[in-house]
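Residue -10 is where the sequence shown starts when you use the numbering used here, and the numbers rise one by one after that.
C-beta: ideal position from N, C-alpha, C; glycine also.
Below: the structure, in structure tokens.
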Amino acid sequence: MKPARKTDPKPRSVAVANTRASDLDKGIAPLDAKMDDLEVVWTHVPLLAGISKDLKKVYIDTSLDKVITVQGKQIDVVKQLTVHELTEYAAMQGGLSYADAHGVALTAEHALLKTQYAIDENGIAEYEAYFLSKEHSKDCENCFAPADIYPGPYEASGMMGKIAKPTS
Ligand SMILES: [Zn+2]
């Protein structure tokens, strides 16, 4: 998802440029089935968003807004991030690296912006700048992602220490 992206392994824009259409297909297939079943939980998420290992919850960082305005359009941030996390998860399960899966997920998000909101490239840049401005939980020393978050992105980013330890 999406994150104190200063230290992301790949800048979002670069990852998108490297994404192939075939990678996108790999990621999007499972989306329809899962989308409506997810419970949305607002909490500390150092990488801004994530999904639980059982795929029942989407975690969204409390620094984010539910809706943002880009080029006069009201963008559903929860839906955008849910698409991102599910796509990224599916792509990683399909064998892509985190960096490539993240790129596929961004491509899916941007496709939604273009098709559902008629947002152009300038709007996409504005949209990405919004997330770059939200670094709260990554920079926060005592902010941890939920213990049951899917750890793939954290493993790949050397951030396993930012996931809470299981309580039981
Ligand atoms: Zn991602």
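Which same chain residues, not among the five before or five after residue i, have their C-beta less than 6 Å away from its C-beta?
i, result
"V29", "V47, V67"
"K42", "D137, Y139"
"E144", "none"
Throw me the rounded Cβ distance for the residue i and residue j pair, which I believe falls under 8 Å.
i, j, result
"P155", "A134", "Incorrect: roughly 12 Å between the Cβ atoms, too far for contact."
"Y87", "G147", "Not a contact, Cβ separation roughly 11 Å."
Do residue j and residue i count as a contact pair if the criterion is CB distance below 7 Å?
i, j, result
"K151", "S52", "no"
"A38", "L85", "no"
"M81", "A94", "no"
"V59", "I108", "yes"
"K62", "Y119", "no"
"A97", "V72", "yes"
"I49", "Y78", "no"
Can you look up residue i in the DSSP assignment and give me helix, strand or coil?
i, result
"I108", "coil"
"A153", "coil"
"V59", "strand"
"G92", "helix"
"K(-1)", "Annotation note: pLDDT 42 at K(-1) (below 50); position unreliable, no value reported."
"V72", "helix"
"D128", "helix"
"G147", "coil"
"L102", "helix"
"L121", "helix"
"P(-8)", "Here the model assigns P(-8) a pLDDT of 47, short of 50, so the residue's position is not dependable, and the following value carries that caveat. Looking at P(-8) - three-state DSSP - the assignment turns out to be coil, as it is neither helix nor strand."
Might you give, ordered along the chain, the residues of its own chain that have their beta carbon closer than 8 Å to the beta carbon of residue i, omitting 5 neighbours on each side?
i, result
"K45", "D26, L27, E28"
"L102", "V59, I64, Q69, I108, G112, I113, Y116"
"T104", "none"
Leaving out five residues before and five after residue i in sequence, what residues of the same chain have Cβ atoms less than 7 Å from its Cβ?
i, result
"A153", "F133, A134, P135, A136"
"T32", "Y48, T51, P135"
"N131", "none"
"D54", "V66"
Determine which residues share a DSSP beta bridge with residue i and list them.
i, result
"K46", "E28"
"I138", "S41"
"I64", "I57"
For residue i, verify whether its CB is less than 6 Å away from any heavy atom of ligand 2.
i, result
"E98", "Ligand 2 is not among the ligands present in this structure, which contains only ligand 1."
Cβ of residue i less than 7 Å from any chain B Cβ?
i, result
"C129", "The chain labelled as chain B is not found in the depicted structure, where only one protein chain is given."
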